[in-house]
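I have placed the structure first, in the form of structure tokens, so that the comments after it can refer back to it.
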Amino acid sequence: MFCGKCGARMADDAKFCNACGAPVVRRAASAPSETAADNQVHTASFSEQSERGDVQAQIHQARTRTRRRMPLVLIVILVILALSVTAFATWMVYTQVIQPSQQQEETAAPEEESTDNDASQALASQEDVYAAKIAEYTAALQDPENAQVSEDVSRAVMNDYTFSQNRSSSYVGMRYAFVDLGEDGILDLVVAAVEEDGTASPVAVYSHADDEVSVIESIVYAWAASPSSMRIYTDGSVLVTDSGDEYHVRLTAIEDGLPVVEADYGASLPNGRFYAGSGGSELQISEEEFYEHEDELKNLLDGKQELTIPGDAWHSFS
Numbered sequence: 012m013f014c015g016k017c018g019a020r021m022a023d024d025a026k027f028c029n030a031c032g033a034p035v036v037r038r039a040a041s042a043p044s045e046t047a048a049d050n051q052v053h054t055a056s057f058s059e060q061s062e063r064g065d066v067q068a069q070i071h072q073a074r075t076r077t078r079r080r081m082p083l084v085l086i087v088i089l090v091i092l093a094l095s096v097t098a099f100a101t102w103m104v105y106t107q108v109i110q111p112s113q114q115q116e117e118t119a120a121p122e123e124e125s126t127d128n129d130a131s132q133a134l135a136s137q138e139d140v141y142a143a144k145i146a147e148y149t150a151a152l153q154d155p156e157n158a159q160v161s162e163d164v165s166r167a168v169m170n171d172y173t174f175s176q177n178r179s180s181s182y183v184g185m186r187y188a189f190v191d192l193g194e195d196g197i198l199d200l201v202v203a204a205v206e207e208d209g210t211a212s213p214v215a216v217y218s219h220a221d222d223e224v225s226v227i228e229s230i231v232y233a234w235a236a237s238p239s240s241m242r243i244y245t246d247g248s249v250l251v252t253d254s255g256d257e258y259h260v261r262l263t264a265i266e267d268g269l270p271v272v273e274a275d276y277g278a279s280l281p282n283g284r285f286y287a288g289s290g291g292s293e294l295q296i297s298e299e300e301f302y303e304h305e306d307e308l309k310n311l312l313d314g315k316q317e318l319t320i321p322g323d324a325w326h327s328f329s
């Protein structure tokens, strides 16, 4: 131990300095040590408190950040779930509804095309049935005086002369067309006098059954006292009317390629005679019965639509 006044060395238990006699003050000497120790304790305590405060602050910040992140995480999860549900629903709709429908359409389209082609081929093959009848018309038109043809062809070909005389400026000639009257799958043959503007006046209609040609109607257009006319309807029925003094009406339907008469009656107005039937098998009827036939005809014609054959469907006899 050293003297605090002169710095001389002295014993640890000395009370006075041997050199200068100054008293030894131990408490004063230990005070700095205690103060330093206290300071260390306080410093350590403050450091611990500071560290604890930093840790608590970090924990608080971490919790705050966690709280802020939670809503974002939930939103992301919800968005992912929504997209997943939408994708699944879209896939289900496609596989269960759209894809089967597309497959059905793809399957149906070739079947429809095949059906249409088969129908067209079937109708086209029927044209050969009328080859002999068309040849008759060709021969009659080329040599009407010497051609050996059936009565229906001879009667119809007379219109070539009457039309050329009465409509010489617009008359083109006799033409024929294949039409499926009534859309029953049976090809029918229509012969008409055709004019430049496309107007066609039918003069004969034919059908067929078991490759046998049937005459449905054949007329001669008259330009004098009893003009005649023929109308063809879309359901396949044919109306022939002779107007004037010798009035006559005949409505004929086509069933399975054969003619079926639905109305057949007339009146000879100068003689006041009324009859039913035609072709030599007329049956005289009363005037009242005549008008009953007229009413029945109106009912039969109600709702029928007249057939229009386009200009490019007509063929020339050659």
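Under our numbering, think of the first position of the sequence shown as 12, with each following residue one higher. C-beta: ideal position from N, C-alpha, C; glycine also. Please read all numbers here as calculations on a predicted model, not as lab measurements.
{"Asked": "Distance, Cα to Cα, T245 vs M103?", "Found": "48 Å"}
{"Asked": "Less than 8 Å between the C-beta atoms of S165 and A143, yes or no?", "Found": "no"}
{"Asked": "V183: which of D208, L192 and R261 sits nearest, CA to CA?", "Found": "D208"}
{"Asked": "Give me the Cα-Cα distance between S225 and E266, rounded to the nearest whole angstrom.", "Found": "11 Å"}
{"Asked": "Looking only at its own chain, which residues have a Cβ that is under 6 Å from the Cβ of V216, when we skip the five neighbours before and after it?", "Found": "V201, I227, E228 and V249"}
{"Asked": "Here's a check: name, in chain order, each residue in its chain whose Cβ is nearer than 7 Å to the Cβ of L262, leaving out the five neighbours to either side.", "Found": "S248, L250, E273, A274, L308 and L311"}
{"Asked": "Does the beta-carbon distance from I243 to P213 come in below 8 Å?", "Found": "yes"}
{"Asked": "Quick check on DSSP: helix, strand or coil for Q159?", "Found": "coil"}
{"Asked": "How long is the line joining the alpha carbons of D139 and L192, rounded to whole angstroms?", "Found": "17 Å"}
{"Asked": "Measure the C-alpha to C-alpha separation of P84 and V90 and round it to an integer number of angstroms.", "Found": "Reading the sequence as shown, one finds Val at residue 84 and not Pro. Distance between the alpha carbons of V84 and V90: 10 Å."}
{"Asked": "What span of residues does the alpha helix (DSSP H) with T263 cover, start to end?", "Found": "That residue, T263, is in no alpha helix (DSSP H); its beta strand (DSSP E) goes E257 to E266."}
{"Asked": "Looking at C-alpha atoms only, which residue of G314, M185 and D24 is the closest neighbour of H326?", "Found": "M185"}
{"Asked": "At what residues does the beta strand (DSSP E) containing D306 begin and finish?", "Found": "Looking at the DSSP string, D306 is not in any beta strand (DSSP E); the run it does join, the alpha helix (DSSP H), is E298 to L312."}
{"Asked": "Taking the DSSP output, what are the residues bridged to P270?", "Found": "I265"}
{"Asked": "Leaving out five residues before and five after N29 in sequence, what residues of the same chain have Cβ atoms less than 7 Å from its Cβ?", "Found": "A19 and M21"}
{"Asked": "Looking only at its chain, what residues have a beta carbon closer than 8 Å to the beta carbon of K26, apart from the 5 residues adjacent to it on each side?", "Found": "P34 and V35"}
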